[in-house]
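See structure below.
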Amino acid sequence: MLSQCFIYLSFRLPLLIYLISDYIIRNSRKNIRHWTINITVFYLSLLCFFIPYCVFFFINLISHSFRAEFIRLTKNLIRRYFKKIRKSKKRRHNQI
Numbered sequence: 009m010l011s012q013c014f015i016y017l018s019f020r021l022p023l024l025i026y027l028i029s030d031y032i033i034r035n036s037r038k039n040i041r042h043w044t045i046n047i048t049v050f051y052l053s054l055l056c057f058f059i060p061y062c063v064f065f066f067i068n069l070i071s072h073s074f075r076a077e078f079i080r081l082t083k084n085l086i087r088r089y090f091k092k093i094r095k096s097k098k099r100r101h102n103q104i
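Using our numbering, the first residue of the sequence shown is number 9, and each one after it goes up by one.
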């Protein structure tokens with residue numbers, strides 16, 4: 009649920025920033041260079057668009073690698089535990 013909200017905001021937020029800034033620039037009465045500010049805001053909105061996806065991608069990548077490592081370690085621990093149980097059963101059987 010949180011990841012869906014995150015993805016939704018990362019899609020909508022840059023567009024919203026661009027539209028608001030474009031509205032402010034068009035309605036401002038001062039004589040400023042519209043195209044430079046517009047391009048700057050456009051690139052900033054693109055940056056706001058790509059940063060969350062990069063962060064989300066790396067978090068997902070790291071969590072998958074940690075999950076795989078954790079599963080591998082737990083499997084090894086479980087195997088060792090059952091090997092010890094088998095050895096102890098054999099020893100008990102041999103002692104009797």
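No residue lacks a Cβ here, since even glycine has one placed at the ideal position from N, Cα and C.
For a quick check, are the C-beta atoms of Tyr31 and Phe50 less than 9 Å apart?
Position 23 of the sequence shown, counted from the first residue, corresponds to residue 31. Position 42 of the sequence shown, counted from the first residue, corresponds to residue 50. No, Cβ-Cβ distance for Tyr31 and Phe50 is not below 9 Å.
Whole-angstrom distance between Lys92 and Arg75, CA atom to CA atom
For this step, residue 75 is matched to residue 67 along the sequence shown. For this step, residue 92 is matched to residue 84 along the sequence shown. Cα to Cα, the separation comes out at about 26 Å.
Would you kindly work out how many angstroms separate the C-alpha atoms of Ser29 and His72, rounded to a whole number?
The residue you call residue 29 lines up with position 21 of the sequence shown. The residue you call residue 72 lines up with position 64 of the sequence shown. If you take the alpha carbons of Ser29 and His72, they lie about 39 Å apart.
Just the C-alpha distance for Ile59 and Phe65, rounded to the nearest angstrom, thanks.
Counted from its first residue, the sequence shown places residue 59 at position 51. Counted from its first residue, the sequence shown places residue 65 at position 57. If you take the alpha carbons of Ile59 and Phe65, they lie about 10 Å apart.
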